[in-house]
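A.B. asks: In the UniProt record's numbering, the protein residues as written are 1 to 464.
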Amino acid sequence: MFAFADKKDVALMAVGAVSAVANGMAQPVMTFIFGDVINAFSSAGSSPDVLHRVSKVIINYVYLGIGAGLVSALQVSCWTITGERQAARIRSQYLKAILRQDIAFFDKEMSTGQVIERMCGDTFLIQDAIGEKVGKYIQLLSTFFGGFIIAFVRGWLLALVMLSSIPPVVLTGVIVSRRMANLSTRMRAKYVDAGDIVEQTIGTIRTVVSFSGEKQAITTYNKFIRKAYESALREGVVTGIGLGSVMSTLFCCYGLAVWYGAKLIINRGYNGGIVISVMMAVMIGGLSLSHATPSITAFAGGQGAAYRMFKTIERKPDIDVYDTKGVILENIRGDVELKDVYFSYPTRPDHLVFNGFSLRVPNGTTMALVGQSGSGKSTVVSLVERFYDPQSGEVLIDGVDIRRMNLGWIRGKIGLVSQEPVLFSSTIRENIAYGKDDLTLEEIKRAIELANAANFIDKLPNVL
Numbered sequence: 001m002f003a004f005a006d007k008k009d010v011a012l013m014a015v016g017a018v019s020a021v022a023n024g025m026a027q028p029v030m031t032f033i034f035g036d037v038i039n040a041f042s043s044a045g046s047s048p049d050v051l052h053r054v055s056k057v058i059i060n061y062v063y064l065g066i067g068a069g070l071v072s073a074l075q076v077s078c079w080t081i082t083g084e085r086q087a088a089r090i091r092s093q094y095l096k097a098i099l100r101q102d103i104a105f106f107d108k109e110m111s112t113g114q115v116i117e118r119m120c121g122d123t124f125l126i127q128d129a130i131g132e133k134v135g136k137y138i139q140l141l142s143t144f145f146g147g148f149i150i151a152f153v154r155g156w157l158l159a160l161v162m163l164s165s166i167p168p169v170v171l172t173g174v175i176v177s178r179r180m181a182n183l184s185t186r187m188r189a190k191y192v193d194a195g196d197i198v199e200q201t202i203g204t205i206r207t208v209v210s211f212s213g214e215k216q217a218i219t220t221y222n223k224f225i226r227k228a229y230e231s232a233l234r235e236g237v238v239t240g241i242g243l244g245s246v247m248s249t250l251f252c253c254y255g256l257a258v259w260y261g262a263k264l265i266i267n268r269g270y271n272g273g274i275v276i277s278v279m280m281a282v283m284i285g286g287l288s289l290s291h292a293t294p295s296i297t298a299f300a301g302g303q304g305a306a307y308r309m310f311k312t313i314e315r316k317p318d319i320d321v322y323d324t325k326g327v328i329l330e331n332i333r334g335d336v337e338l339k340d341v342y343f344s345y346p347t348r349p350d351h352l353v354f355n356g357f358s359l360r361v362p363n364g365t366t367m368a369l370v371g372q373s374g375s376g377k378s379t380v381v382s383l384v385e386r387f388y389d390p391q392s393g394e395v396l397i398d399g400v401d402i403r404r405m406n407l408g409w410i411r412g413k414i415g416l417v418s419q420e421p422v423l424f425s426s427t428i429r430e431n432i433a434y435g436k437d438d439l440t441l442e443e444i445k446r447a448i449e450l451a452n453a454a455n456f457i458d459k460l461p462n463v464l
């Protein structure tokens, strides 16, 4: 999950980790001081100098509070900053990787709804798993080990008895975290499916409305939401049972500790301060395990999200738009030829759209492709644009196989107007300039005139 951390992030995580360890030790150290306070009260009795004796011990609380405040601020700020930095880097790399993929990737492996869901949902899961939750988890581990270290230093016999609570607590935590991870994965998968239904419905809203398909769309959406709700319900029940089991085990252990502590006071020379200090140290250390459940859940969700996103980021497409290699013709005439082409779409590899198809379009020629639906009219354009590569045969431009050409350059030489043109949410000028880098205002105006769009654009409030 930390694959995109740079040197600054490593430094932030190091400072955050050290601060988290120090912050986690604050509560166990507090139990040590609290035991001294109990002994100060008991030794002073009703003596007039009880305030003086207690005050000498209480000053340690002030020092501990100042130190805990400083390291706590460092812990939270460092982990929050590095989590945000790495998540922003992952979002950027993921979008770059998505735009790098070939069309076959979107046909087979990824829908628009899934891309949006991962950009919005999975990145937040990763950020949650590599940010403040890590510092919190380190803090809780430090509290756990620190609590038992203090307990053994103060009274190892009593601490040894209280260790009996660890195996059931750890076992319960492991079972709960694994079960929650599985339920979380199922729930997210159902939400992705529901998002796909919304994306498909809104994207084809005219078709849905024309066939009165609103109720069917709502029914299908609610079916997936219901399944996600059921997974969330199970997750809540599992979490509740797990935490309840942990707390029950701990409090039973406290009852045992009070009884055994009384015996140690009688037989081993322990005092009230030692018994209370050991009990509090073990209690604080033990409870820190139950508080670690949200962090463990975040790590499980973050690992799943990171696997999905990193798999896409590391994927190298067969047709790479970022590949700068390839032939660039000095003078392009525009002769297009498909020679003995065999082609089937990735989603239907057994169905040949072209079976030895050949076509020649000389430069300067206007040609219309007419045929029934599925005959391959749009497939010709897809092959010329190199959205796909044929299984065999050649697509030639000026006698050069398009697979040997620089992909970005050849696509920049082709103008494609789809059946349903789409405008981006930006200005008219920016929409026109999308197809060419460093486009001048004169070139934009010339394109507007050639498209016979100058009259209505000039009448718009903001013009370009």
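Just so it is clear, CB atoms sit at the ideal spot from N, CA and C, and this is done for glycine as well. Keep in mind that this is a model prediction, so the values were computed, not measured.
Just the Cα atoms here: how many angstroms apart are glutamate 199 and glycine 113?
C.D. replies: 6 Å
A.B. asks: Given this structure, state the Cα-to-Cα distance separating tryptophan 259 from alanine 228, to the nearest angstrom.
C.D. replies: Rounded to the nearest whole angstrom, the C-alpha separation of tryptophan 259 and alanine 228 is 48 Å.
A.B. asks: If alanine 257 sits next to valine 161, beta carbons under 8 Å apart, how far is it from one beta carbon to the other, in whole angstroms?
C.D. replies: 7 Å
A.B. asks: Tell me which residue opens and which closes the beta strand (DSSP E) that lysine 339 is part of.
C.D. replies: 336-343
A.B. asks: Within its chain, find whatever has a CB closer than 6 Å to the CB of arginine 91; leave out the 5 residues flanking it on each side and keep chain order.
C.D. replies: Thr123
A.B. asks: For proline 294, which of Ile33, Arg178, Ile81 and Lys8 has the nearest alpha-carbon?
C.D. replies: Arg178
A.B. asks: I need the boundaries of the alpha helix (DSSP H) containing glycine 412, first residue and last residue.
C.D. replies: Counting along the chain, the alpha helix (DSSP H) containing glycine 412 begins and ends at 407-412.
A.B. asks: Quick test of your reading: aspartate 107 and threonine 347, contact by CB under 8 Å. State the CB separation rounded to the nearest angstrom.
C.D. replies: 5 Å
A.B. asks: Would you grab the beta carbon distance between lysine 339 and serine 358 for me? Rounded to a whole angstrom, and I think it's under 8 Å.
C.D. replies: In this structure, lysine 339 and serine 358 form a Cβ contact; the two beta carbons are roughly 6 Å apart against a cut-off of 8 Å.
A.B. asks: When you compare only the Cα positions, how much space is there between lysine 96 and serine 19?
C.D. replies: 35 Å
A.B. asks: Would you tell me roughly how many angstroms separate the C-alpha atoms of valine 238 and leucine 423, rounded to the nearest one?
C.D. replies: 48 Å
A.B. asks: Kindly identify the DSSP beta-bridge partner or partners of leucine 396.
C.D. replies: Glu337 and Asp401, per the DSSP bridge assignment.
A.B. asks: How many whole angstroms separate the CB atoms of valine 57 and alanine 40, which I take to be in contact at a CB cut-off of 8 Å?
C.D. replies: 5 Å
A.B. asks: Leucine 74 and glycine 16 - do their beta-carbons sit closer together than 8 Å?
C.D. replies: yes
A.B. asks: What does the alpha-carbon distance come out to for the pair serine 245 and leucine 287?
C.D. replies: 12 Å
A.B. asks: What are the start and end residues of each continuous alpha helix (DSSP H) run of 4 or more residues lying completely inside the segment 274-361, in chain order?
C.D. replies: Those alpha helix (DSSP H) runs which fall completely within the segment 274-361 and span 4+ residues are 293-314.
A.B. asks: When the distance is taken between beta carbons, is serine 231 closer than 8 Å to methionine 180?
C.D. replies: no
A.B. asks: Suppose only complete runs of 4+ residues qualify. What are the alpha helix (DSSP H) ranges in the segment 61-133, listed by chain order?
C.D. replies: 103-108, 112-117 and 123-130
A.B. asks: Just curious, the alpha helix (DSSP H) that residue 465 is in, first and last residue?
C.D. replies: This structure cannot settle anything about residue 465, because the visible part of the chain is limited to 1 through 464.
A.B. asks: Does the beta-carbon distance from leucine 369 to valine 380 come in below 8 Å?
C.D. replies: yes
A.B. asks: How many whole angstroms separate the CB atoms of threonine 172 and glycine 242, which I take to be in contact at a CB cut-off of 8 Å?
C.D. replies: 6 Å
A.B. asks: How long is the line joining the alpha carbons of isoleucine 332 and valine 321, rounded to whole angstroms?
C.D. replies: Using only the alpha carbons, I get a separation of about 20 Å.
A.B. asks: What's the call for threonine 204, buried or exposed, on a 16-neighbour Cβ count within 10 Å?
C.D. replies: exposed
A.B. asks: Considering just the uninterrupted stretch of the alpha helix (DSSP H) at asparagine 455, what are its terminal residues?
C.D. replies: 454-458
A.B. asks: Under 8 Å between the Cβ atoms of leucine 416 and arginine 386?
C.D. replies: no
A.B. asks: For tyrosine 63 and glycine 69, I'd like the C-alpha separation in whole angstroms.
C.D. replies: If you draw a straight line from the Cα of tyrosine 63 to the Cα of glycine 69, it is about 10 Å long.
A.B. asks: Should glutamate 314 go down as buried or exposed, given a rule of 16 or more other Cβ atoms within 10 Å for buried?
C.D. replies: exposed
A.B. asks: Rank Gly135, Ile98, Gly83 and Val115 by C-alpha distance to the C-alpha of isoleucine 126 and give the top, closest one.
C.D. replies: Gly83
A.B. asks: Which same chain residues end up closer than 6 Å to serine 184 when comparing Cβ atoms and leaving out the 5 residues on each side of it in sequence?
C.D. replies: Gly301
A.B. asks: To the nearest angstrom, how far is it from the Cα of glutamate 109 to the Cα of alanine 189?
C.D. replies: 14 Å
A.B. asks: Looking at serine 142: is its Cβ nearer than 8 Å to the Cβ of glycine 24?
C.D. replies: yes
A.B. asks: Measure the alpha-carbon distance for valine 153 versus valine 275 and round it to whole angstroms.
C.D. replies: Those two C-alpha atoms are separated by around 12 Å.
A.B. asks: Can the beta-carbon of alanine 5 be found less than 8 Å from the beta-carbon of glutamine 101?
C.D. replies: Not closer than 8 Å, so no.
A.B. asks: Which of the three DSSP states is assigned to asparagine 182 in this structure?
C.D. replies: helix
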